[in-house]
Amino acid sequence: IELPEERTKKGKLEVGRIIIRSYVQGNELFLEIEDDGRGLEFEKIKQKAIEKGLGNLKPEEVIFVPGFSTKDKADETAGRGIGLDVVKNFATARGGDVEVVSAAGKGTKFIVHFPIKTFLVRVLVAEADELRFCIDLQDILEIVSKVEIKDGQLKHKDKLYDITFSCTLPRFAIITKNNKALLVSNLIGIFDGQVSNESYDMIKGFVKNIFVYPLPIISPEQFLKLQKPSEKVRKVLVIDDSVVTRTILGKFLVNFGYTVFEAENGTEGIEIFKKENPDVIVCDVEMPGIDGFETTRRIRELNKKVPIIIFSTLTSEQLSKGLEVGANAYLSKDEPPERLVRLIERFIQ
1 IELPEERTKK GKLEVGRIII RSYVQGNELF LEIEDDGRGL EFEKIKQKAI
51 EKGLGNLKPE EVIFVPGFST KDKADETAGR GIGLDVVKNF ATARGGDVEV
101 VSAAGKGTKF IVHFPIKTFL VRVLVAEADE LRFCIDLQDI LEIVSKVEIK
151 DGQLKHKDKL YDITFSCTLP RFAIITKNNK ALLVSNLIGI FDGQVSNESY
201 DMIKGFVKNI FVYPLPIISP EQFLKLQKPS EKVRKVLVID DSVVTRTILG
251 KFLVNFGYTV FEAENGTEGI EIFKKENPDV IVCDVEMPGI DGFETTRRIR
301 ELNKKVPIII FSTLTSEQLS KGLEVGANAY LSKDEPPERL VRLIERFIQ
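For the sequence shown, UniProt numbering begins at 1 and goes up steadily by one.
In structure tokens form, the structure reads like this:
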């Protein structure tokens with residue numbers, strides 16, 4: 001930023017302007033810091049780089065070298081060569097980078113970006129029959145409380161919208177910014193949720209902190225996939241003595257279109273398996289009566305092919321015993337539940 005007298009001569013306001021922006025794009029967080037100063041003095045930077053034996057680097061690169069400064073003497077505000085290298089290290093340590101754009105006499109913009117695992121987003125939580133999901137508010141154009149259908153389309157304010165998703169008894173319509181309509185049975189409300197970037201097919205993330213189980217955030221462009229009927233009902237048997245685990249896991253799997261059967265112990269699980277013939281079994285280890293390892297062994301004697309996933313809080317070394325008795329995979333309960341869904345989907349496909 002120039003001194004006030006210099007800025008006035010250039011037709012700028014005496015006071016410099018610094019703009020800070022932040023936004024999420026894809027799976028990355030971006031921070032932009034922009035000023036309206038004189039811009040980077042590339043020739044001065046090149047000369048100083050040559051003096052320091054860094055002439056092989058571009059000006060845009062050398063400014064991030066630790067200890068590099070164009071000032072001959074440090075003062076209270078600059079000259080120590082500490083600053084940009086710290087920012088660079090912060091970004092690269094998180095798998096990101098820093099970019100710089102500068103125009104002589106107009107200013108400089110630094111763009112810091114790095115991948116993020118979670119971030120906050122405002123979502124609308126909706127229900128459609130047994131499915132509960134979220135839509136990012138940024139994707140929503142309008143919410144309609146009176147559903148009027150004309151020729152297979154939603155009619156609202158003398159306009160017609162293609163319906164890309166519907167339920168048995170629609171009470172509300174959600175019009176998205178791509179001018180499509182989603183018909184749902186209930187609107188739970190608007191929430192600020194912490195999103196996990198664990199993507200899964202049509203799902204662009206999961207809201208973790210609204211309900212006791214993660215809710216999928218579905219992109220409006222992908223709702224047509226929810227309409228396609230499955231070739232067969234996919235059945236999952238959950239064997240766990242914890243009613244909390246069974247309830248949370250059951251609701252979560254139902255959101256993905258699975259029919260879920262629950263058993264509170266190994267003996268009950270074996271009987272349900274014989275009766276319902278599930279596609280996948282998710283089994284805890286530490287249960288009263290016969291434990292998960294013995295349950296797995298007995299089910300494997302009945303059926304050599306059904307996928308069995310050991311799902312427990314035991315260590316990896318302990319869980320690996322499940323593979324010895326016939327399980328196909330094991331997963332810690334500390335892992336995000338969406339990873340269990342991926343594992344189930346992999347076995348079913």
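Glycine included, each C-beta is placed from N, C-alpha and C at the ideal position.
Just grab the DSSP bridge partners of residue i for me.
i      : result
ALA104 : Answer is none; ALA104 lacks a bridge partner.
ILE174 : ILE143, LEU182
VAL236 : VAL260, VAL280
ALA126 : PHE133, LEU187
GLY193 : VAL121
ARG21  : GLU32
PRO115 : GLU28
GLY205 : ILE217
GLN153 : LYS150, ASP162
ASP97  : HIS113
PHE311 : LEU331
Taking all protein chains shown into account, decide if residue i is buried (16 or more other Cβ within 10 angstroms of its Cβ) or exposed.
i      : result
GLY107 : buried
ASP158 : exposed
VAL233 : exposed
ILE174 : buried
PRO278 : buried
VAL62  : buried
ASP240 : buried
PHE252 : buried
THR295 : buried
SER102 : buried
LEU331 : buried
VAL244 : exposed
LYS71  : exposed
GLY11  : exposed
GLY269 : buried
Look at the alpha carbon of residue i and the alpha carbon of residue j, and state the distance between them as a whole number of angstroms.
i      : j      : result
PRO229 : ALA126 : With a pLDDT of only 44 at PRO229, under the threshold of 50, the placement of this residue in the model should not be trusted, and no figure is reported.
ARG297 : VAL325 : 5 Å
LEU169 : GLY96  : 47 Å
LYS204 : LYS274 : 37 Å
LEU343 : ASN89  : 36 Å
ARG300 : ASN328 : 10 Å
ARG132 : SER242 : 23 Å
ILE210 : GLY289 : 35 Å
THR247 : VAL254 : 11 Å
ILE348 : THR259 : 13 Å
VAL15  : ARG346 : 60 Å
ILE149 : PHE256 : 27 Å
LEU141 : TYR23  : 20 Å
LEU84  : GLY26  : 25 Å
GLY67  : GLN194 : 38 Å
SER316 : LEU323 : 11 Å
LYS146 : CYS134 : 20 Å
LYS155 : ASP139 : 20 Å
VAL306 : ILE116 : 37 Å
GLU335 : LYS180 : 35 Å
VAL100 : SER219 : 32 Å
ASN265 : LEU160 : 53 Å
ALA104 : LEU57  : 20 Å
Closer than 7 Å by C-beta to residue i: which residues in its own chain qualify, once you throw out the five before and the five after it? Chain order, please.
i           : result
ASP136      : VAL121, VAL123, ILE217
ASP129      : CYS167, THR168, SER185
GLU221      : ASN178
ASP192      : LEU120, ARG122
VAL212      : ILE248
GLU262      : VAL238, ARG246, GLY250
LYS304      : none
residue 434 : Nothing in the structure corresponds to residue 434, since the chain is present only between 1 and 349.
PHE293      : VAL285, LYS321, GLY322, VAL325
THR267      : GLY289, ILE290
VAL87       : VAL98, VAL112
Who are the Cβ neighbours of residue i in its own chain at under 8 Å, not counting the five residues just before and after it?
i           : result
PRO59       : LEU40, PHE42, ILE45, LYS46, ALA49
ILE143      : LEU124, PHE172, ALA173, ILE174, ILE175, LEU187
GLY152      : ILE163
residue 355 : The structure shown has nothing for residue 355, since the chain only spans 1 to 349.
GLU276      : LYS235, LEU237, PHE261
If I measure Cβ to Cβ from residue i and keep anything under 6 Å in the same chain, skipping five residues before and after, which residues do I get?
i      : result
ILE33  : ILE20, PHE110
ASP36  : ARG17, GLY107
VAL282 : VAL238, ILE309, PHE311
Compute the beta-carbon to beta-carbon distance between residue i and residue j, rounded to the nearest angstrom, for a pair I have assumed lies under 8 Å.
i      : j      : result
LEU215 : PRO337 : Not confirmed; about 11 Å, so no contact.
VAL341 : ILE309 : About 11 Å separates the two Cβ atoms, so there is no contact after all.
ILE190 : LEU237 : Not confirmed; about 36 Å, so no contact.
ARG38  : GLU2   : 5 Å
PHE206 : LEU182 : Incorrect: roughly 19 Å between the Cβ atoms, too far for contact.
Is the shortest distance between the beta-carbon of residue i and the beta-carbons of chain C less than 8 Å?
i      : result
ILE290 : The structure shown contains no chain C; it holds only a single protein chain.
Got a sec: does the ligand ADP put a non-hydrogen atom nearer than 7 Å to the Cβ of residue i?
i      : result
LEU331 : Because no ligand of any kind appears in the structure shown, any question about the ligand ADP cannot be addressed here.
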